[in-house]
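Shown next, in structure tokens, is the structure this report addresses.
Numbering (UniProt numbering), first residue to last: 1 to 145.
Next comes the structure, spelled out in structure tokens:
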């Protein structure tokens, strides 16, 4: 794992120098760089190619999901709306056995207080507050507000 490579890529991405998604095993140089910067980025590219990424994302996921037994749940829209890249970017971490109600309160106390039910965005099925969620579920929360 290389936290240095991950931080460098995130900084370069924020600066418009590279197109990089954390956890990916490659990136594209999209901005103007000096020869020294290009050399440094190419060294990082060799590392991520050899190891399938920087390893930071995989380490975090292993700790959260495999070791601690947590699950990731995504807020969604039953009408199929997605962000500009076609995937849901927000992910909320819940303990194993978490319910729709737990998810609603994790989002915000007002959302939990007003919870009516959830909608499983993959099946379109309405689910109750006590419905136990699974890792990587996409749930729309329906509230009174």
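All C-beta atoms in this analysis are idealised placements derived from N, C-alpha and C, irrespective of residue type, glycine included.
Since this is a predicted model, take the numbers as computed values, not measurements.
- Every candidate beta strand (DSSP E) stretch fails here, since none sits fully inside the segment 34–61 while reaching 3 residues.
- Beta bridge pairing from DSSP links residue 117 with 142.
- A direct Cα-Cα distance of roughly 28 Å separates residue 24 from residue 120.
- Inclusion of residue 73 and residue 137 in the CB contact set at 7 Å is warranted, their separation being smaller than that value.
- Two segments are said to touch when three or more pairs of C-beta atoms, one from each, lie closer than 8 Å; by this definition the segment 88–105 touches the segment 58–78.
- The residues 73, 74, 75, 76, 100, 103, 118, 119, 120, 121, 127 and 133, in chain order, have a CB closer than 8 Å to that of residue 139 in the same chain once the five nearest residues on each side in sequence are set aside.
- DSSP places residue 93 in the uninterrupted beta strand (DSSP E) bounded by 92–95.
- Sequence-distant Cβ neighbours of residue 106 in its own chain, meaning closer than 7 Å and more than five residues away, are 92 and 94.
- Closest by C-alpha distance to residue 47, out of 68, 34 and 6, is 6.
- Look at residue 98 here: in three-state DSSP terms it is coil, with no helix or strand label.
- The three-state reading of DSSP puts residue 130 in coil, since its state is none of H, G, I, E or B.
- Annotation for residue 3: the continuous alpha helix (DSSP H) segment containing it runs 3–14.
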